[in-house]
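Engineer:
Protein chains in written order, with the numbering used here: chain B, 1 to 453; chain L, 454 to 826.
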């Protein structure tokens with residue numbers, strides 16, 4: 001009977017992977033109509049499975065849809081980490097911290113909004129826009145000088161960001177003051193609390209939370225990325241630990257009483273639907289795939305392969321690393337925001353660095369530098385572990401989660417020893433195939449050189 | 454990679470760094486702020502400050518024992534041995550079982566009934582520590598053989614992921630009910646705690662009596678930790694400077710292929726290094742458990758990371774550097790706990806790591822790496 005759960009979860013994994021294969025195939029088709037039709041159909045199939053009842057219950061019940069959303073957010077986080085570690089070669093353990101920052105930021109915005117306080121949205125929104133402008137201005141200023149030490153540029157960015165934050169706090173609070181009446185309270189919602197307005201605020205909250213995480217990662221990554229591979233790993237691990245400490249003390253050290261510190265934040269509106277999860281996952285996949293196919297992506301790959309050679313080719317190593325790191329953190333922040341509004345409850349226990357090794361394990365399993373592998377491994381990981389947990393729960397009782405953590409590292413060790421390139425290796429499906437140079441061009445060039453020489 | 458760019462080329466004169474003063478100003482501001490916090494608190498209440506320094510010293514000397522293992526292993530195989538903190542945890546647990554379950558610390562009294570009480574306690578406690586050290590050594594050597602040796606030629610990150618995996622395995626395997634259980638376990642000390650306070654001379658605190666206000670207290674645990682840590686330092690200095698295996702260790706750390714050509718068994722030297730580091734981590738674990746008298750399976754993570762930061766601060770690969778770095782870390786942490794806020798103690802450790810690596814990546818005692826021809 002318990003083995004049945006495991007079998008069912010394996011069947012689900014096979015179905016999901018077939019679904020992903022079909023989706024990526026359709027997206028990679030040359031015809032525009034197949035692309036659009038594939039995406040719409042891909043959305044509709046799951047939406048139907050979630051909502052259309054067949055014989056009294058839907059195909060995917062509440063539990064399964066929960067796993068699906070979790071897998072979507074995990075795929076976003078793991079894709080971001082794969083960009084940082086798999087494609088750019090920077091061993092980062094800070095992804096979970098940015099995930100947490102995204103989750104708490106977005107949750108705070110919508111939580112305040114439904115409770116009649118618009119300051120969250122405006123402060124964060126204006127803050128990230130001003131922060132972006134400041135980073136752009138300071139970057140332009142620094143480009144006039146040559147060989148600026150990291151510490152100096154970091155100081156300038158930090159001071160600029162603090163000023164931007166203070167200005168945003170002031171403007172945002174005064175705008176929010178004027179909107180108090182429009183929002184109403186939780187008991188009697190005002191005109192700006194209608195369902196459509198909520199959806200817009202939700203969208204903005206996710207985007208702002210992602211950009212906020214990205215800007216934090218810019219400030220953090222600027223000094224830390226110059227440290228070198230394993231020191232960078234330890235420093236980012238420290239970042240995750242410090243973020244978690246701040247979460248536990250969010251109502252004492254930080255001025256956010258609504259986050260309730262270690263007791264966990266409750267009352268976050270559950271706004272995540274399949275539409276939003278699918279949209280953001282798709283956006284992350286498309287953005288990442290296009291960047292990897294661009295010249296930025298080739299620069300990112302070349303930094304991983306050989307820094308000296310990349311430098312000789314005229315690639316700015318520091319800014320390429322920073323670009324990949326910031327983009328990866330942006331994806332993590334988006335994932336966190338989507339997750340917060342699915343689960344409706346945030347506790348610092350979700351964001352400890354021990355749990356934060358999950359995306360790293362997924363990336364290693366899926367294959368470094370393989371987007372298909374990462375997405376498939378995220379879905380497979382979540383569904384398989386839940387099946388395994390059910391089997392273990394009946395055998396081990398409350399010890400099951402611990403057993404899970406005993407089995408992870410053994411699997412990781414075996415993988416590292418036997419197949420370091422990941423289970424799926426470098427396979428890419430349909431849309432995600434990266435053709436850096438077309439083979440025909442290469443052959444033509446070779447024949448030309450042969451002819452001339 | 455950075456080494457290459459920082460070396461001035463013989464032909465082209467590199468332009469001077471511009472805007473360096475901004476970063477220097479920032480550093481000076483941070484240093485002045487820290488100095489202001491320390492000095493103002495010292496003047497405000499020197500006795501409380503001294504008490505924090507004493508607790509910081511106790512923490513620092515424990516970190517010193519863990520940091521030795523990090524610094525030696527990193528010096529030789531360039532691997533951040535994540536599992537080192539968990540070896541430390543296992544040391545604490547082994548001594549817990551030896552003391553609470555098997556009463557190992559009482560064996561001199563059972564074996565030689567006429568022995569004096571003080572001597573029996575000393576011999577019993579030393580036996581417990583030795584047992585922990587031996588178990589830790591065996592475990593570390595096994596880990597090295599099973600997990601790290603096959604990956605010696607793999608990329609460094611693969612070895613680091615493996616180390617993290619080993620660390621996880623130890624923590625969560627230990628958290629199973631039939632191993633150590635996931636709970637916080639109160640730790641029975643193998644000897645009585647004796648505390649003293651300093652106010653108009655040194656006085657002993659009798660049982661149940663609170664020390665008077667405005668006095669600095671310390672205990673025999675503090676003295677034992679300080680003595681043990683200093684002894685370990687001298688022992689290691691002797692081992693590395695004056696013995697044959699120490700010379701082999703230094704040669705291996707300097708140039709592995711050349712050491713192999715000179716007839717040094719590199720694998721054996723690496724195993725030995727892991728063993729020595731684990732022995733001191735085990736000792737540190739016992740002393741940590743005695744000092745803070747509560748153990749659980751994730752005990753080793755943060756002390757391990759902080760000890761690593763201490764090793765980097767002192768200059769990784771350098772034994773006196775690890776000692777000095779650990780003492781600085783202990784002070785930074787104790788003063789942060791006292792004057793800023795307790796949860797920020799972890800933040801301070803990693804801030805120190807980042808600042809050290811940016812300003813002086815070789816640490817206090819480290820020598821700049823020589824360019825390989």
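Ideal Cβ placement from N, Cα and C applies to all residues, glycine included. On a predicted model such as this, the values are computed, not experimentally measured, just so you know.
In three-state terms, what does DSSP make of residue 420(B)?
Structural biologist: If you number the first chain from 1, residue 420(B) lands on position 420. DSSP places residue 420(B) in coil when its eight states are reduced to three.
Engineer: By DSSP, does residue 649(L) sit in helix, in strand, or in coil?
Structural biologist: Here the question's residue 649(L) lines up with position 196 in the second chain. The DSSP-derived three-state label of residue 649(L) is strand.
Engineer: Whole alpha helix (DSSP H) runs in the stretch 704-769 of chain L with 4 or more residues, listed along the chain?
Structural biologist: 709-714, 719-745, 754-767
Engineer: Around the C-beta of residue 428(B), are 16 or more other C-beta atoms found within 10 angstroms, so that it is buried, or is it exposed?
Structural biologist: As a first step, residue 428(B) must be located in the first chain, where it is residue number 428. The residue is buried, with at least 16 neighbouring Cβ atoms inside 10 Å.
Engineer: Closest to residue 103(B) by CA distance: which of 404(B), 243(B), 430(B) is it?
Structural biologist: In the first chain, counting from the first residue as 1, residue 103(B) sits at position 103. Answer by Cα proximity: 243(B).
Engineer: Quick check on residue 455(L): does DSSP put it in helix, strand or coil?
Structural biologist: Along the second chain, read from residue 1 onward, the residue named residue 455(L) stands at position 2. Here residue 455(L) scores only 44 on pLDDT, less than 50, and its place in the model should not be relied on; the value that follows carries that caveat. Helix.
Engineer: Taking the beta carbon of residue 108(B) as the centre, do at least 16 other beta carbons fall within 10 Å, making it buried, or is it exposed?
Structural biologist: Residue mapping note: residue 108(B) aligns to position 108 of the first chain, counting from 1. Looking at its Cβ environment, which holds 16 or more other Cβ atoms inside 10 Å, residue 108(B) is buried.
Engineer: Measure from the alpha carbon of residue 530(B) to the alpha carbon of each residue in 133(B), 163(B), 126(B), 36(B), then state which is nearest.
Structural biologist: Outside the shown range of chain B, which is 1 to 453, sits residue 530(B), and nothing can be said about it.
Engineer: Cutting at 8 Å between CB atoms, please list the residues of its own chain near residue 503(L), excluding the five before and the five after it.
Structural biologist: Walking along the second chain from the start, residue 503(L) turns up at place 50. Same-chain partners within the cutoff: 669.
Engineer: Which residues, in order along the stretch 532-543 of chain L, keep a beta-carbon less than 7 Å from a beta-carbon of chain B?
Structural biologist: Within the stretch 532-543 of chain L, 533 place their CB atoms closer than 7 Å to a CB of chain B, listed in sequence order.
Engineer: If contact means a Cβ-Cβ distance below 8 Å, which residues of the stretch 218-236 of chain B contact chain L?
Structural biologist: 223, 224, 226, 227, 228, 229, 230, 231, 233, 234, 235
Engineer: Report back the beta-carbon spacing between residue 778(L) and residue 767(L) to the nearest angstrom; my notes put them in contact at under 8 Å.
Structural biologist: Along the second chain, one-based indexing puts residue 778(L) at 325. Along the second chain, one-based indexing puts residue 767(L) at 314. So it is a contact: roughly 3 Å between Cβ atoms.
Engineer: Tell me which residue opens and which closes the alpha helix (DSSP H) that residue 347(B) is part of.
Structural biologist: Within the first chain, numbered from 1, the residue matching residue 347(B) stands at position 347. That residue, residue 347(B), is in no alpha helix (DSSP H); it is neither H nor E in DSSP.
Engineer: Taking the alpha-carbon positions, what's the residue 726(L) to residue 230(B) distance?
Structural biologist: Residue 726(L) sits at position 273 when you count from the first residue of the second chain. Residue 230(B) sits at position 230 when you count from the first residue of the first chain. About 20 Å.
Engineer: Can you list, in chain order, the residues of its chain with a C-beta nearer than 6 Å to that of residue 657(L)? Leave out the 5 residues immediately preceding and following it.
Structural biologist: Here residue 657(L) corresponds to residue number 204 of the second chain, with the count starting at 1. Answer for residue 657(L): 649, listed in chain order.
Engineer: With a Cβ-Cβ cutoff of 9 Å, do residue 612(L) and residue 605(L) count as a contact?
Structural biologist: Translated into positions along the second chain, residue 612(L) becomes position 159. Translated into positions along the second chain, residue 605(L) becomes position 152. Yes; because the gap between Cβ atoms is below 9 Å, this pair is in contact.
Engineer: Measure from the alpha carbon of residue 530(L) to the alpha carbon of each residue in 739(L), 746(L), 686(L), 608(L), then state which is nearest.
Structural biologist: Counting from one through the second chain, the residue named residue 530(L) turns up at place 77. The shortest C-alpha separation from residue 530(L) is found at 608(L).
Engineer: Are there 16 or more other CB atoms within 10 angstroms of the CB of residue 659(L), so buried, or fewer, so exposed?
Structural biologist: For the purposes of this step, residue 659(L) is identified with residue 206 of the second chain, where counting begins at 1. It is exposed - the Cβ of residue 659(L) has fewer than 16 other Cβ atoms within 10 Å.
Engineer: Give the list of continuous beta strand (DSSP E) stretches no shorter than 3 residues that lie fully inside the stretch 637-697 of chain L.
Structural biologist: You should have 648-651, 655-658, 669-672.
Engineer: Comparing C-alpha positions only, which one of 37(B), 45(B), 19(B) sits nearest to residue 274(B)?
Structural biologist: For the purposes of this step, residue 274(B) is taken as residue 274 along the first chain, with counting starting at 1. Per the Cα distances, 45(B).
Engineer: Whose C-beta lies closer than 6 Å to the C-beta of residue 378(B) among residues of the same chain, with five residues either side of it excluded?
Structural biologist: Locating residue 378(B) in the first chain gives position 378, where the first residue counts as 1. Only 71, 74, 75, 78, 362 meet the Cβ criterion.
Engineer: For the stretch 145-161 of chain B, list every residue whose C-beta sits within 7 Å of some C-beta in chain L, in sequence order.
Structural biologist: 145, 146, 147, 148, 149, 150, 151, 152, 155, 156
Engineer: I'd like the list of long-range same chain contacts for residue 817(L), defined as Cβ closer than 8 Å, with 5 residues on each side in sequence excluded.
Structural biologist: Here residue 817(L) refers to the residue found at position 364 of the second chain. Around residue 817(L), the same chain offers 766, 767, 768, 774, 777, 778 as residues with beta carbons nearer than 8 Å, after the five sequence neighbours per side are excluded.
Engineer: Does any C-beta atom of chain L lie closer than 9 Å to the C-beta of residue 305(B)?
Structural biologist: Residue numbering aside, residue 305(B) sits at position 305 when the first chain is read from its first letter. Closer than 9 Å: no.
Engineer: DSSP on residue 634(L), reduced to helix/strand/coil?
Structural biologist: Locating residue 634(L) in the second chain gives position 181, where the first residue counts as 1. In the structure shown, residue 634(L) falls within a coil segment according to DSSP collapsed to helix, strand and coil.
Engineer: Which whole-angstrom value describes the C-beta separation of residue 94(B) and residue 239(B), a residue pair presumed to lie in contact below a C-beta threshold of 8 Å?
Structural biologist: Locating residue 94(B) in the first chain gives position 94, where the first residue counts as 1. Locating residue 239(B) in the first chain gives position 239, where the first residue counts as 1. Contact holds; Cβ gap of about 4 Å.
Engineer: How would you list, in chain order, the residues of chain B whose beta-carbon sits under 7 Å from the beta-carbon of residue 615(L)?
Structural biologist: As a first step, residue 615(L) is located in the second chain; it is residue number 162 there, counting from the start. Ordered by position in chain B, the residues that pass the 7 Å Cβ test against residue 615(L) are 413, 416.
Engineer: So residue 384(B) contacts chain A; which residues on that side make the cut at Cβ distance below 7 Å?
Structural biologist: Absent from the structure is chain A; the protein chains it does hold are B and L.
Engineer: Could you give the DSSP three-state label for residue 370(B): helix, strand or coil?
Structural biologist: Reading the first chain from its first residue, position 370 is the one you call residue 370(B). In the three-state reduction of the DSSP assignment, residue 370(B) falls in the coil class, being assigned neither a helical nor a strand state.
Engineer: Under 9 Å between the Cβ atoms of residue 304(B) and residue 91(B)?
Structural biologist: Here the question's residue 304(B) lines up with position 304 in the first chain. Here the question's residue 91(B) lines up with position 91 in the first chain. No.
Engineer: At the 9 Å Cβ level, is residue 786(L) part of the contact set with chain B, yes or no?
Structural biologist: Sequence index remark: in the second chain, residue 786(L) carries index 333 (1-based). Nearest CB-CB separation between residue 786(L) and chain B: not below the 9 Å threshold.
Engineer: Could you tell me whether the Cβ atoms of residue 157(B) and residue 135(B) are closer together than 9 Å?
Structural biologist: Numbered from 1 along the first chain, position 157 holds the residue referred to as residue 157(B). Numbered from 1 along the first chain, position 135 holds the residue referred to as residue 135(B). A contact, by the Cβ cut-off of 9 Å.
Engineer: Let me check understanding here. Comparing Cα to Cα, which of 518(L), 814(L), 788(L) lies closest to residue 488(L)?
Structural biologist: Translated into the one-based positions of the second chain, residue 488(L) becomes position 35. Taking residue 488(L) as reference, the option from 518(L), 814(L), 788(L) with the minimal CA-CA separation is 788(L).
Engineer: Just to confirm my understanding: we take residue 473(L), look at its own chain, exclude 5 residues before and 5 after, and list those with CB closer than 7 Å. What are they?
Structural biologist: As a working mapping, residue 473(L) is identified with position 20 in the second chain. So no residue of the chain qualifies.
Engineer: Note down, in chain order, every chain L residue with its Cβ under 7 Å from the Cβ of residue 405(B).
Structural biologist: The residue you call residue 405(B) lines up with position 405 of the first chain. In chain order: 621, 625.
Engineer: Answer with buried or exposed for residue 539(L), where buried requires no fewer than 16 other C-beta atoms within 10 angstroms of its C-beta.
Structural biologist: Against the second chain, residue 539(L) aligns to sequence position 86. Buried: at least 16 other Cβ atoms inside 10 Å.
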